[in-house]
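**Q** Let me begin by handing over the structure; questions about it come next.
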Amino acid sequence: MANPFVHVELSTDNVGKAKEFYGQLFNWTLEDMPMPGGTYTMIRVGEGTGGGMMKNPEAGTPSAWLPYVQVDDIDASTKKAKSLGAEVCVDVMEVEGAGWLSVITDPTGAKLGMWKPKPM
């Protein structure tokens, strides 16, 4: 499939509680990794799309899941989304050692991340 969903990320004010809940509910393997400004918890699911959990970067906003779609050209895809009426919430940024991401809000108000992995 072109542009598959490749990552799902939870932003929450209570990562510990989320880890306890989802770890028990789904028996996911959760792996904490340092990141600038805190810790990122990778969600390892075995087969299928994994994800991550992190402290909500926007204080006062509710906890929410954000899906990411893989793209071939992160810059072009972000510009195209904007030209089609999306708002760019997080412009293209590098995730050191892994790839690049951007986050948009589509014309219906739904948020979506885009992801371009670094070549292996």
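Each residue of the sequence shown is one higher than the last, beginning at 10 in my numbering. Glycine included, each C-beta is placed from N, C-alpha and C at the ideal position.
Please specify which runs of the alpha helix (DSSP H), each continuous and at least 4 residues long, are wholly inside the region 54 to 87, giving them in chain order.
**A** Correct list: empty.
**Q** What would DSSP say about residue 105, mapped onto helix, strand or coil?
**A** Reduced to three states, the DSSP call for residue 105 is coil.
**Q** CA-CA distance, residue 21 and residue 90?
**A** Rounded to whole angstroms, residue 21 to residue 90 spans 26 Å at the Cα level.
**Q** Take residue 71 as the anchor and find which of 124, 125, 24, 127 has the nearest alpha-carbon.
**A** Nearest of 124, 125, 24, 127 to residue 71, Cα basis: 24.
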